[in-house]
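Protein chains in written order, with the working numbering: chain Z, 1 to 111; chain E, 112 to 228. Everything below concerns the one structure shown next.
Have a look at this one:
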């Protein structure tokens, strides 16, 4: 049983560009949450998708948007990248239970 | 809003010894979950142990156990017989309970644990 997968592993972009990160949830999971983890910090909640809709959102600007597909996979899009967007982006999946299963993350560097 | 505080940025322990990581949280909720996650250098966040707030008994998973003090809003993690593979960042996290599915995890800033041979 494959766990949560994310792609790409690493990404380097320049300021002002746009980026798309992808996540495939654990088999059978229908809820995907995205977190941003800055260096030396704990993860911060960005948003959560369930049944292809954004169900909850953290304190992130509209430059951060997402999507969930019918197969429950998800994308995180960030527009107009800033230096401060450099971070590890974590995807977590779950199914009506407390435990969230995390992927290995995508390391985004903005130059 | 909930907050989670981990007051120990770094800790070290000798192999085979016992270490306790501290966590306090602030919430007005009565029903919630608390978690300890481990993040090794590989970056994968791995669940170590979880505690339901309605349960008075402290959770235990092999060498890992917690001391949950609901009134004091304290949730410490004890690692017994420490192993080199326990070297990692440890995050304490809070999740509000709802009947409508998952709510976001609120994380502390983490404690970097080094196990020394």
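For each residue, glycine too, the CB sits at the ideal point set by N, CA and C. Please read all numbers here as calculations on a predicted model, not as lab measurements.
Check: Residues of its chain near residue 223 of chain E, where Cβ-Cβ distance is below 6 Å and the 5 sequence neighbours each way are ignored; Outcome: 121 and 200
Check: Nonlocal neighbours in the same chain, by C-beta distance under 6 Å from residue 48 of chain Z, ignoring five residues either side; Outcome: 33, 55 and 56
Check: Residue burial classification, residue 31 of chain Z (beta-carbon count within 10 angstroms, cutoff 16); Outcome: buried
Check: Chain-ordered residues of the stretch 37–48 of chain Z with a beta carbon less than 7 Å from chain E; Outcome: 41, 42, 43, 45 and 48
Check: Within the stretch 145–226 of chain E, ranges of the beta strand (DSSP E) (whole runs, at least 3 residues); Outcome: 157–163, 175–180, 185–190 and 199–207
Check: Top-ranked residue by Cα proximity to residue 128 of chain E, from E:177, E:192, E:154 and E:228; Outcome: E:192
Check: Completely contained beta strand (DSSP E) runs for the stretch 36–64 of chain Z, where each covers 3 or more residues; Outcome: 44–50 and 53–57
Check: Inter-residue Cα distance where the pair is residue 132 of chain E and residue 176 of chain E; Outcome: 11 Å
Check: Within 9 Å, strictly: CB atoms of residue 104 of chain Z and residue 5 of chain Z; Outcome: yes
Check: CB contact flag (residue 38 of chain Z, residue 88 of chain Z, <9 Å); Outcome: yes
Check: Exposure of residue 74 of chain Z, with buried meaning 16 or more beta-carbon neighbours within 10 Å; Outcome: buried
Check: Residue-level contact to chain Z via CB, residue 196 of chain E, 9 Å cutoff; Outcome: no
Check: Chain-order list of residues whose beta-carbon lies under 7 Å from that of residue 86 of chain Z (same chain, five-residue window excluded); Outcome: 108, 109 and 110
Check: Exposed unless 16 or more other CB atoms sit within 10 angstroms - verdict on residue 59 of chain Z; Outcome: exposed
Check: Residues of the stretch 147–160 of chain E whose Cβ lies closer than 9 Å to any Cβ of chain Z, in chain order; Outcome: 148, 150, 153, 154, 155, 156, 157 and 158
Check: Residue-level contact to chain Z via CB, residue 115 of chain E, 9 Å cutoff; Outcome: yes
Check: 3-residue-minimum beta strand (DSSP E) runs that sit fully inside the stretch 4–38 of chain Z, ordered along the chain; Outcome: 5–7, 10–13, 19–24 and 31–37
Check: Residue 148 of chain E vs residue 208 of chain E beta-carbon contact at 9 Å; Outcome: no
Check: Where residue 83 of chain Z sits in the DSSP three-state scheme; Outcome: helix
Check: Residue 90 of chain Z: contacting residues in chain E (beta-carbon distance under 7 Å); Outcome: 156
Check: Classification of residue 214 of chain E by the beta-carbon crowding that lies within 10 angstroms, buried from 16 upward; Outcome: buried
Check: Partner residues on chain Z for residue 181 of chain E, Cβ-Cβ distance less than 8 Å; Outcome: Going along chain Z, no residue has its Cβ under 8 Å from residue 181 of chain E, so there is no contact; the nearest lies around 17 Å.
Check: Interface flag, residue 171 of chain E vs chain Z, CB-CB below 9 Å; Outcome: no
Check: Residue 25 of chain Z versus residue 2 of chain Z - alpha carbon distance; Outcome: 9 Å
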